[in-house]
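S.K.: Residue numbers (this note's numbering): -16 to 152.
Every residue, glycine too, gets a C-beta built ideally from N, C-alpha and C.
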Ligand code: ZN
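(1) Looking at residue 86 and residue 132, is the spacing between their C-beta atoms short of 9 Å?
(2) At which residues does the beta strand (DSSP E) containing residue 86 begin and terminate?
(3) Who sits around ligand 1, taking every residue whose Cβ is closer than 6 Å to one of its heavy atoms?
(4) For residue 106, count neighbouring Cβ atoms within 10 angstroms of its own Cβ and tell me buried if that reaches 16, exposed if not.
(5) Give the C-beta separation of residue 113 and residue 91 to the nearest angstrom, bearing in mind that I take them to be a contact with Cβ-Cβ under 8 Å.
(6) Give the list of continuous beta strand (DSSP E) stretches no shorter than 3 residues that lie fully inside the stretch 58 to 119.
(7) Given a cut-off of 9 Å, decide if residue 123 and residue 43 are closer than it, judged by their beta-carbon atoms.
(8) Within the continuous beta strand (DSSP E) that includes residue 44, where are the two ends?
(9) Would residue 143 and residue 81 qualify as a contact pair, given that the criterion is a beta-carbon distance under 9 Å?
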C-alpha cells in the first residue's frame, strides 16, 4: 500500500519521534516497513522516515542504490556514533518536493541501529549513504534539511516554497 507523504509545514515533521518498542510494534512493523519501501520506491526517493508517513517513530528506510545494486537498509532506533570530514552536495527530500539545495554534510558517518527483527547492527556510510544517514536521523529529531541552511539559503527556500506549496497534495 502506498502511504501519503507528509509535507513541509505539517507539525509531525517538526516533532522528535518516539523510540520503536519491538514488543508493542509486533506484527505491525513488517507491514509498515513493506508500505514504507513501496512508498519510497514509488516516489523515487533514496530514504524515507516514519514521520514522513505520519508516524512519530524512530524508524527509517534507506536505499541509495535502487535497482540492480539495491542495498536496502532498515534503521530502527538509529543513533549516529561518529561523523568525519565534510562534503557539499545537492540534496532534496520527499517532504519538500521540488527543492534541491547544496548542503554541507559529513563525508563519513557511522550509525548504530536495529534491523526489523530487533538485531543490532553498525555500519559506516560514505558519500550519499553518509548523507542519507544524517538526513533520515534528522527527520527523527524533527529536523528538515532546509533547517540546516544558512539565513540566505532559508530566505531563498522560503520564496520557492510559497509557490511550490500550491502544487503539493
Ligand atoms: Zn527527507
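M.R.: According to the data block:
(1) Along the chain shown, one-based indexing puts residue 132 at 149. Along the chain shown, one-based indexing puts residue 86 at 103. Closer than 9 Å, so yes.
(2) As a position in the chain shown, residue 86 is number 103, starting the count at 1. Per DSSP, residue 86 belongs to the beta strand (DSSP E) from 84 to 88.
(3) 76, 77, 78, 118, 122
(4) As a working note, residue 106 is residue 123 in the chain shown. Answer is exposed; the Cβ neighbour count stays below 16.
(5) Within the chain shown, the letter at position 130 stands for residue 113. Within the chain shown, the letter at position 108 stands for residue 91. Yes, residue 113 and residue 91 are in contact; Cβ-Cβ is about 6 Å, under 8 Å.
(6) 70 to 74, 84 to 88, 91 to 97, 103 to 109
(7) As a working mapping, residue 43 is identified with position 60 in the chain shown. As a working mapping, residue 123 is identified with position 140 in the chain shown. Cβ atoms of residue 43 and residue 123: closer than 9 Å.
(8) Indexing the chain shown from 1 puts residue 44 at position 61. Taken as a continuous stretch (DSSP letters only), the beta strand (DSSP E) holding residue 44 covers 42 to 45.
(9) In the chain shown, the residue the question calls residue 143 occupies position 160. In the chain shown, the residue the question calls residue 81 occupies position 98. Contact: yes.
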